[in-house]
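Q:
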Amino acid sequence: MGNNLLLTKTKMSEIVGWSEANGRRWVKHFNDYIPTNVNGNKVMYTMESLRIMKFLKKLNEAGLTIPEIKLIINKEGMPKSEKEEQMLIGKHKINRVHKDYDENIKSTIPSAGEMMIPYLEMIKDGEAYSANQITEKLVNFYKLTEEQRLMRYENNSDIVFLSRVRSIRYSLKKENYIEEINKLTYQITNDGLELLNEGKGEIEEEIEELEKVVDPLTVVKQKLEELNNELADNLLKQLRNVHWMKFEDIVVELLTVMGYGDGQVTKRTNDEGLDGVIKEDKLGLDNIYVQAKRYAVNNSVGRDVVQSFSGALDGKGARKGVFITTSHFTDGARKYAERLESKKIILIDGIELSKLMIAHNVGVDINHTFVVKAIDYDYFKDE
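Basically the numbering used here = 1-based index in the sequence shown + 13.
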């Protein structure tokens with residue numbers, strides 16, 4: 014194919030080996046990195062677009078999910094050659110160990126429905142048990158391996174087994190088969206004992222109903238995580254588009270809000286490679302110097318730039334520096350900063366920057382506040 018050949022999204026997806034729908038999904042998630050060519054009123058894709066799509070597919074085949082790939086690309090940038098692609102894939106390829114997602118291992122972990130009755134059997138003596146004690150009883154009952162106990166879901170950090178146990182606990186409690194007599198301490202109820210004495214058919218029917226019960230708090234947490242990730246992406250896009258002087262102001266404000274001291278932007282000219290200073294004490298006896306680079310998504314910060322910042326710190330006799338960018342740092346830059354002995358330079362890339370701004374309410378407003386309350390069991394105890 015010639016370098017000037019333009020492809021439709023459908024054709025590009027077909028060459029990569031994805032269905033049109035799957036190709037559309039990946040283009041949507043990585044549109045900041047995939048070049049386009051507007052031909053009339055039609056968006057077309059280049060050979061570089063095709064290369065990037067093939068690379069994304071290789072990462073996916075290596076076991077990485079879309080959120081994981083986005084995090085990697087945001088931090089390290091899109092590789093520009095096949096050699097760089099191979100290095101990045103090799104660095105991040107997921108080995109299927111116990112803490113990572115594996116469909117084969119997941120299929121051997123008992124489902125919530127399978128564990129409902131054993132959960133009640135574990136506590137049918139009527140004694141009070143902590144959530145951890147019951148979990149350990151289930152682990153021993155099913156003789157679970159470390160891989161089965163610790164494997165996480167593909168798209169989030171929740172452990173599969175523990176997530177299912179929490180689901181069981183919520184369902185049994187909601188339907189009054191167990192009761193929480195103290196914080197995370199449970200006891201079987203008369204209804205629970207009666208369920209254990211039911212016939213097989215009745216038990217199976219009740220388990221089907223229990224499996225339909227969903228803990229709303231779990232749903233809320235999942236949605237909040239999605240909203241925060243989306244907000245971080247949108248905030249980073251805003252940061253890449255603001256004027257460089259505004260970006261410096263934002264960075265200094267963030268570090269000040271984080272509690273590192275009183276911050277100020279340096280003079281816009283003749284700043285000796287330094288954009289801001291944070292005075293950790295009133296007299297300025299110990300200062301943190303700041304470098305802020307508002308770079309495009311594919312413009313990485315290399316070792317030479319960080320080394321130059323380090324030299325600027327030497328010129329001030331400073332021992333502490335923070336280098337913040339809207340793009341990402343190369344491995345060479347990070348290794349250089351890590352090996353410094355006479356001073357400490359912290360590197361903050363675009364993703365981390367946007368998450369810090371969210372955490373410290375810089376550049377964001379509170380849209381809604383939800384308060385979830387729980388029983389204070391200590392309040393009801395006798396004096």
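Backbone N, C-alpha and C fix where the C-beta goes; we use that ideal spot for every residue, glycine too.
With distances taken from CA atoms, which of His105, Arg182, Val255, Thr158 is nearest lysine 119?
A: By 1-based counting over the sequence shown, the position of residue 119 is 106. Out of His105, Arg182, Val255, Thr158, Thr158 has the C-alpha closest to the C-alpha of lysine 119.
Q: Starting from phenylalanine 336 and walking both ways along the beta strand (DSSP E), at which residues does that stretch end?
A: By 1-based counting over the sequence shown, the position of residue 336 is 323. Counting along the chain, the beta strand (DSSP E) containing phenylalanine 336 begins and ends at 333-338.
Q: With DSSP run on the structure shown, which of helix, strand or coil describes serine 303?
A: For the purposes of this step, residue 303 is taken as residue 290 along the sequence shown, with counting starting at 1. According to the sequence displayed, residue 303 carries valine and not serine. Three-state DSSP puts valine 303 in a strand.
Q: Taking the alpha-carbon positions, what's the asparagine 50 to lysine 41 distance?
A: For this step, residue 50 is matched to residue 37 along the sequence shown. For this step, residue 41 is matched to residue 28 along the sequence shown. In a straight line, the C-alpha of asparagine 50 is about 16 Å away from that of lysine 41.
Q: Hey, is the segment 375-388 in contact with the segment 352-361, meaning 3+ C-beta pairs nearer than 8 Å?
A: The answer is no - the segment 352-361 does not touch the segment 375-388, with fewer than three Cβ pairs under 8 Å.
Q: Go to glutamate 192, then tell me how far its beta strand (DSSP E) extends in each direction, as first and last residue.
A: On the sequence shown, position 179 is the one that residue 192 refers to. Taken as a continuous stretch (DSSP letters only), the beta strand (DSSP E) holding glutamate 192 covers 191-195.
Q: Of the residues Gly376, Glu116, Met164, which one's Cα is nearest the Cα of phenylalanine 418?
A: No answer is possible for residue 418: it lies beyond the span of the chain, which begins at 14 and ends at 396.
Q: What is the DSSP secondary structure of histidine 111, reduced to helix, strand or coil?
A: Along the sequence shown, one-based indexing puts residue 111 at 98. Because histidine 111 sits at a pLDDT of 39, beneath the cut-off of 50, its placement in the model cannot be relied upon, and the following sentence gives the value as read from the coordinates. Note: histidine 111 maps to coil in three-state DSSP.
Q: Assuming alanine 125 and arginine 177 make a contact with CB atoms under 8 Å, what is their CB distance in whole Å?
A: For this step, residue 125 is matched to residue 112 along the sequence shown. For this step, residue 177 is matched to residue 164 along the sequence shown. 5 Å between Cβ atoms; contact.
Q: Threonine 78: which of Ile136, Thr21, Arg165, Ala34 sits nearest, CA to CA?
A: Here the question's residue 78 lines up with position 65 in the sequence shown. Threonine 78 has its Cα closest to that of Arg165, out of Ile136, Thr21, Arg165, Ala34.
Q: Among Glu89, Ile379, Phe154, whose alpha-carbon lies nearest the alpha-carbon of isoleucine 364?
A: Reading the sequence shown from its first residue, position 351 is the one you call residue 364. It is Glu89.
Q: How about valine 310 and aspartate 45: do their beta carbons lie closer than 8 Å?
A: Counting from one through the sequence shown, the residue named residue 310 turns up at place 297. Counting from one through the sequence shown, the residue named residue 45 turns up at place 32. Yes, the Cβ-Cβ distance between valine 310 and aspartate 45 is below 8 Å.
Q: Residue ranges of each alpha helix (DSSP H) run of no fewer than 4 residues wholly in the segment 108-186, ordered along the chain?
A: Listed in chain order, they are 116-119, 125-135, 144-155, 159-163.
Q: Would you mind listing the alpha helix (DSSP H) stretches within the segment 200-228 that are 4+ residues and don't spill past its ends, in chain order?
A: Whole alpha helix (DSSP H) segments, 4+ residues: 203-209, 213-224.
Q: Hey, how far is the Cα of lysine 70 from the Cα of aspartate 344?
A: For the purposes of this step, residue 70 is identified with residue 57 of the sequence shown, where counting begins at 1. For the purposes of this step, residue 344 is identified with residue 331 of the sequence shown, where counting begins at 1. Cα to Cα, the separation comes out at about 23 Å.
Q: Quick check on the burial criterion: 16 or more other C-beta atoms within 10 angstroms. Buried or exposed for leucine 248?
A: Against the sequence shown, residue 248 aligns to sequence position 235. So leucine 248 counts as buried.
Q: Using a Cβ-Cβ distance cut-off of 8 Å, determine whether methionine 100 contacts chain B.
A: The structure shown contains no chain B, having only a single protein chain.
Q: Whole angstroms is fine: what's the gap from leucine 18's alpha carbon to methionine 60's?
A: Here residue 18 is taken as the residue at index 5 of the sequence shown, counted from 1. Here residue 60 is taken as the residue at index 47 of the sequence shown, counted from 1. Roughly 7 Å between the two C-alpha positions.
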